[in-house]
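Colleague: I have a structure here, written as structure tokens, and I will follow up with some questions on it.
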Amino acid sequence: MDKWADELSKALVLSGPTAEVVRQRFVTEFQLTGNQILRFDTTLTGMDLDEDQIKTALLRRLEWSCNRLSLDIIEDFLPAVGMNIAACTADAESIDDVCAFPGRLAAVSGTIRPIEPAAYGVSNHLANVLLRARKRDSDKGAILNLRPKMKRASDTEVNQRAVAKACDSLEWASTTASRGIVALDTEFVDVIVDAGDFGWEPTLYVLANNPLELIERTHTFLAALA
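Taking the working numbering, I'd label the letters of the sequence shown as residues 2 to 227.
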């Protein structure tokens with residue numbers, strides 16, 4: 002199942018965020034002794050999932066996406082407060098509609114792993130940043146936090162020029178935040194930079210339409226930022 006899920010997630014990433022499910026077909030076949038074959042062929046429309054199933058599916062996608070994070074790429078950008086990933090349903094209105102990992106993600110044996118399984122309503126800060134960004138860019142449904150690239154002469158001042166250059170090269174839209182309050186001054190929101198404040202760590206937020214796309218975009222952005 003893990004191998005199948007990995008192949009499926011890669012195929013979905015290649016399809017892009019605009020692809021919509023119009024039909025699902027599941028074929029399962031068991032060959033038993035005595036030449037007996039059990040075959041189940043079920044076709045569903047893309048609208049057959051109820052709200053609970055949609056939320057459960059999002060939890061699984063969030064966990065799959067975490068497994069795709071490359072520690073080699075993001076290690077230098079791990080924030081002191083810890084990194085997390087959050088995702089929400091299309092009709093999210095509150096933090097109860099946003100799932101994330103309780104606590105934070107940790108580097109374990111050369112990989113990024115959650116301390117606890119993903120759940121809804123466990124994120125406050127990251128969920129609120131995502132919900133506020135969605136007021137301007139409603140397609141965004143996933144977010145993660147990183148430590149931004151800092152100026153060489155200062156370990157406390159964000160290298161805004163490097164961030165802007167990376168966004169320009171990717172044709173991404175960026176905006177700013179102050180202590181987690183996002184400035185709604187752009188039509189689209191791909192990257193948010195919070196310069197930090199007294200007692201508030203500088204933060205770089207990367208956003209995407211879904212958790213799987215988020216990981217690909219994060220790797221792409223950090224490569225452009227290097």
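Every residue gets a Cβ at the ideal spot worked out from N, C-alpha and C, and that includes glycine.
(1) Return helix, strand or coil for Leu132, following the three-state DSSP convention.
(2) Since Cys89 sits in a beta bridge, which residues does DSSP pair it with?
(3) Pick out whichever of Ala143, Ala81 and Phe31 has its Cα sitting closest to the Cα of Leu127.
(4) Less than 8 Å separating the beta-carbons of Val159 and Pro203?
(5) Once DSSP output is grouped into helix, strand and coil, what is the label at Cys115?
(6) In its own chain, which residues sit with a C-beta less than 6 Å from the C-beta of Asp138, not counting the 5 before and 5 after it?
(7) Is Leu63 near Cys100, with beta carbons less than 8 Å apart?
(8) Count the other CB atoms, across all protein chains shown, that sit within 10 Å of the CB of Ser179; report buried if there are 16 or more and exposed otherwise.
(9) Locate the beta strand (DSSP E) running through Asp195, then write down its first and last residues.
(10) Taking DSSP's pairing of strands, which residues face Leu147 in a bridge?
(11) Between the Cα of Ser10 and the Cα atoms of Leu59, Glu30, Gln54 and Phe41, which residue gives the shortest distance?
(12) Quick check: the Cα distance between Pro118 and Gly104, rounded to an integer number of angstroms?
(13) Taking contact to mean 3 or more Cβ pairs, one atom from each stretch, closer than 8 Å, check whether the region 201-217 and the region 71-85 are in contact.
(14) Give a yes or no on whether the C-beta atoms belonging to Ile75 and Thr176 are separated by under 8 Å.
(15) Which value, in whole angstroms, describes the spacing of the CA atoms of Leu185 and Ala12?
(16) Let me know the secondary structure DSSP gives Leu106 once reduced to three states.
(17) Using alpha carbons as the reference points, say which of Arg26, Leu70 and Gly17 lies closest to Leu1.
(18) By Cβ distance, which residues of its chain are closer than 6 Å to Ala225, with the 5 residues on each side in sequence left out?
(19) With distances taken between CB atoms, is the gap from Val207 to Leu145 smaller than 8 Å?
Modeller: Concretely, from the data shown:
(1) Of the three classes helix, strand and coil, the one that applies to Leu132 here is helix, per DSSP.
(2) Partner(s): Val99.
(3) Put simply, of Ala143, Ala81 and Phe31 the residue whose alpha carbon is nearest the alpha carbon of Leu127 is Ala143.
(4) Yes; because the gap between Cβ atoms is below 8 Å, this pair is in contact.
(5) Note that residue 115 corresponds to Pro in the displayed sequence, not to Cys. Per DSSP, reduced to three states, the secondary structure at Pro115 is strand.
(6) Around Asp138, the same chain offers Phe189 and Val190 as residues with beta carbons nearer than 6 Å, after the five sequence neighbours per side are excluded.
(7) Remark: C-beta atoms of Leu63 and Cys100 approach each other more closely than 8 Å.
(8) Exposed, because fewer than 16 other Cβ atoms sit within 10 Å of the Cβ of Ser179.
(9) From DSSP, the beta strand (DSSP E) with Asp195 extends over Val192 to Asp195.
(10) Secondary-structure assignment with DSSP links Leu147 through a beta bridge to Leu205.
(11) With distances taken between Cα atoms, Ser10 lies closest to Leu59.
(12) So the alpha carbons of these two residues sit roughly 10 Å apart.
(13) The region 201-217, when compared against the region 71-85, does touch it at the 8 Å Cβ threshold.
(14) No. Outside cutoff.
(15) Leu185 and Ala12 have their C-alpha atoms some 33 Å from each other.
(16) Judged by DSSP in its simplified three-state form, Leu106 adopts strand.
(17) The structure shown does not extend to residue 1, since the chain is modelled only from 2 through 227, so no value can be given for it.
(18) Excluding sequence neighbours, Ala225 sits near Ala167, Ser170 and Leu171.
(19) Val207 places its beta carbon less than 8 Å from that of Leu145.
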